[in-house]
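Please read the structure below before turning to the comments.
2 protein chains.
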Amino acid sequence: MRVLGVDPGLTRCGVGVVEGVAGRPLTMLGVGVVRTPAEAELGHRLVAVEQGIEQWLDEHRPEFVAVERVFSQHNVSTVMGTAQASAVAMLCAARRGIPVALHTPSEVKAAVTGSGRADKAQVGAMVTRLLRLDAPPRPADAADALALAICHIWRAPAQNRLQQAVAQHTARASAPSWKGRTA
Amino acid sequence: MRVLGVDPGLTRCGVGVVEGVAGRPLTMLGVGVVRTPAEAELGHRLVAVEQGIEQWLDEHRPEFVAVERVFSQHNVSTVMGTAQASAVAMLCAARRGIPVALHTPSEVKAAVTGSGRADKAQVGAMVTRLLRLDAPPRPADAADALALAICHIWRAPAQNRLQQAVAQHTARASAPSWKGRTA
Chain E
3 MRVLGVDPGL TRCGVGVVEG VAGRPLTMLG VGVVRTPAEA ELGHRLVAVE QGIEQWLDEH
63 RPEFVAVERV FSQHNVSTVM GTAQASAVAM LCAARRGIPV ALHTPSEVKA AVTGSGRADK
123 AQVGAMVTRL LRLDAPPRPA DAADALALAI CHIWRAPAQN RLQQAVAQHT ARASAPSWKG
183 RTA
Chain S
3 MRVLGVDPGL TRCGVGVVEG VAGRPLTMLG VGVVRTPAEA ELGHRLVAVE QGIEQWLDEH
63 RPEFVAVERV FSQHNVSTVM GTAQASAVAM LCAARRGIPV ALHTPSEVKA AVTGSGRADK
123 AQVGAMVTRL LRLDAPPRPA DAADALALAI CHIWRAPAQN RLQQAVAQHT ARASAPSWKG
183 RTA
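Just so you know, the sequences run in chain order E and S.
Each residue of the first sequence is one higher than the last, beginning at 3 in the numbering used here.
Each residue of the second sequence is one higher than the last, beginning at 3 in the numbering used here.
In structure tokens, the structure reads:
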């Protein structure tokens, strides 16, 4: 599966594309940062984020988009910009029918380092190792976006099994036609 | 001037269009609410908000869009959805080149009632009076959207004078060519 990870932000929005399946070596297809000037009007900054995300979706055609879940209790000074940038990323994906998954920062850290309290350096080191890169991606927002994509690939099997179970349950509820088709 | 006011929200996003100038009776051109189902996925809700705002922009062609400024310290449980809906409204306007203005709730209340601490009923009563309506618009989000538009029309003259002064100052700074053109 191919996943675009997005670490949302207005000044720096980290983006990273990873391909692979759980239990196999992963491949990085791209990493970068969408930047908008702090002195620009908010509306124009959101348009710039939209254009940047659209370019990444056009170029890499991900099957899933994984966005960091924003909490209102953290980083009060920047949380509004983060929430607004994440809204734009989710909007771009949903408009194309691409499923959007939200993962918390501690879920992401736990997925790639084994600890939900790992620091940025530790996340960067593990992203470098897992994707077999020469050096940690810079800035940290870019590394975090890759970590989000990795987290989604590794957590996805459980989520997919759940979705399959729900789908099968729904199919059995309308048993006659389902049996008819498989007979 | 024609202004679309937006009281952002995911469940109910209030929208109202007012036309007029400061010091003259105002006219309501439309009022309503863009709703999205609480059980839908966040990405799909943002797409629904986008489609709703786009319809209002298409139909009324406002010259300005006035959006309530969201603060992270208020209403922690709903503030993220409010921030995300406001991002979509600002994005839709900025994409069309329509100037976006943000007004705080107390600026809006002070503009239409004279008090920054007025309650919803007071705002609804003044919106009804100022727009010569038969009854207060329901729900309150719709009335708040109209109040935002009224606030923008009434505050705009001062902002416009400031923008004019800045523009003149900039023109004088490049005096020779400016003089040359007016000579």
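We put the beta carbon where it would ideally sit given N, CA and C, even for glycine.
For residue i, does the three-state DSSP call read helix, strand or coil?
| i | result |
| --- | --- |
| ALA96 (chain E) | helix |
| LEU12 (chain E) | coil |
| VAL72 (chain S) | coil |
| ALA177 (chain S) | Any answer about ALA177 (chain S) is weak, because its pLDDT of 40 lies below 50 and its placement is not dependable; what the coordinates show is given next. Of the three classes helix, strand and coil, the one that applies to ALA177 (chain S) here is helix, per DSSP. |
| ARG63 (chain E) | coil |
| VAL19 (chain E) | strand |
| THR130 (chain S) | helix |
| THR29 (chain S) | strand |
| GLY182 (chain E) | With a pLDDT of only 33 at GLY182 (chain E), under the threshold of 50, the placement of this residue in the model should not be trusted; the figure read from the coordinates follows. Three-state DSSP puts GLY182 (chain E) in a helix. |
| LEU135 (chain S) | coil |
| GLY45 (chain E) | helix |
| ARG157 (chain S) | helix |
| GLY34 (chain E) | strand |
| GLY116 (chain E) | coil |
| ALA142 (chain S) | helix |
| VAL5 (chain S) | strand |
| ALA103 (chain S) | strand |
| THR80 (chain S) | coil |
| ALA24 (chain E) | coil |
At 7 Å on the CB atoms, spell out the chain S contacts of residue i, in chain order.
| i | result |
| --- | --- |
| GLY7 (chain E) | Residues of chain S passing the Cβ test: none, with the nearest at roughly 15 Å. |
| MET92 (chain E) | LEU44, GLY45, LEU48 |
If you drop the 5 nearest sequence neighbours on each side, which residues of the same chain put their C-beta closer than 6 Å to that of residue i?
| i | result |
| --- | --- |
| VAL67 (chain S) | LEU6, ALA95, ILE100, VAL102 |
By how many angstroms is the C-alpha of residue j removed from the C-alpha of residue i?
| i | j | result |
| --- | --- | --- |
| MET128 (chain S) | PRO39 (chain S) | 30 Å |
| GLY126 (chain E) | GLU109 (chain E) | 15 Å |
| LEU133 (chain E) | GLY16 (chain S) | 46 Å |
| ARG140 (chain E) | LEU104 (chain S) | 34 Å |
| GLY45 (chain S) | GLY25 (chain S) | 42 Å |
| LEU31 (chain S) | ARG14 (chain S) | 20 Å |
| ASP208 (chain E) | PRO107 (chain E) | What the structure shows of chain E is the stretch from 3 to 185, and residue 208 (chain E) is not part of that stretch, so it cannot be assessed. |
| SER176 (chain S) | ARG47 (chain E) | With a pLDDT of 42 at SER176 (chain S), under the threshold of 50, the modelled position of this residue cannot be trusted, and the question is left open. |
| VAL36 (chain S) | GLY54 (chain S) | 6 Å |
| ALA137 (chain S) | ARG131 (chain S) | 9 Å |
| GLU43 (chain E) | THR84 (chain E) | 15 Å |
| LEU28 (chain S) | PRO10 (chain S) | 23 Å |
| VAL51 (chain S) | THR115 (chain E) | 37 Å |
| GLN86 (chain S) | PRO64 (chain E) | 23 Å |
| GLY118 (chain S) | VAL49 (chain S) | 33 Å |
| GLY34 (chain E) | ARG98 (chain S) | 27 Å |
| LEU135 (chain S) | ALA120 (chain S) | 20 Å |
| TRP58 (chain S) | VAL23 (chain E) | 44 Å |
| LYS111 (chain S) | ALA145 (chain E) | 44 Å |
| ASP60 (chain E) | GLN124 (chain S) | 49 Å |
| LEU12 (chain S) | LEU12 (chain E) | 21 Å |
| GLU21 (chain E) | GLU41 (chain S) | 30 Å |
May I ask you to check if the CB of residue i is nearer than 7 Å to at least one heavy atom of the ligand SAH?
| i | result |
| --- | --- |
| ALA50 (chain E) | What this structure holds is no ligand at all, so the ligand SAH is not there to describe. |
Who are the Cβ neighbours of residue i in its own chain at under 7 Å, not counting the five residues just before and after it?
| i | result |
| --- | --- |
| ALA113 (chain E) | ILE152, CYS153, TRP156, ARG157 |
| LYS181 (chain E) | Any answer about LYS181 (chain E) is weak, because its pLDDT of 34 lies below 50 and its placement is not dependable; what the coordinates show is given next. Contacts found: none. |
| ARG71 (chain S) | LEU104, HIS105, THR106 |
| LYS122 (chain S) | ALA142 |
I'd like the list of long-range same chain contacts for residue i, defined as Cβ closer than 8 Å, with 5 residues on each side in sequence excluded.
| i | result |
| --- | --- |
| PHE73 (chain S) | VAL81, THR106 |
| HIS62 (chain E) | ARG4, LEU6, VAL19, LEU31, GLY32 |
| MET92 (chain E) | VAL67, VAL69, VAL102 |
| VAL8 (chain E) | CYS15, GLY16, VAL17, ILE55, VAL67, ALA68, VAL69, GLU70, SER88, ALA91, ALA147, LEU150 |
Along chain E, which residues have their Cβ under 8 Å away from the Cβ of residue i?
| i | result |
| --- | --- |
| HIS46 (chain S) | ALA96 |
Mind listing the chain S neighbours of residue i? Cutoff is C-beta to C-beta under 8 Å, in chain order.
| i | result |
| --- | --- |
| LEU36 (chain E) | Here residue 36 (chain E) turns out to be Val, not Leu, going by the sequence shown. Here the premise fails: no neighbours, minimum Cβ distance about 14 Å. |
| VAL102 (chain E) | GLU43, LEU44, GLY45 |
| ALA158 (chain E) | Correct list: empty, because the minimum Cβ distance to chain S is about 16 Å. |
What in chain E is Cβ-close to residue i, meaning under 7 Å?
| i | result |
| --- | --- |
| GLU52 (chain S) | LEU93 |
| ALA151 (chain S) | Here the premise fails: no neighbours, minimum Cβ distance about 17 Å. |
Find the residues of chain E that neighbour residue i, judging by a C-beta separation of less than 9 Å, and give them in chain order.
| i | result |
| --- | --- |
| ALA147 (chain S) | Correct list: empty, because the minimum Cβ distance to chain E is about 18 Å. |
_To be precise: take each residue of the segment 115-139 of chain S, compare its Cβ to all Cβ atoms of chain E, and keep it if any distance is under 8 Å. Which residues remain?_
none
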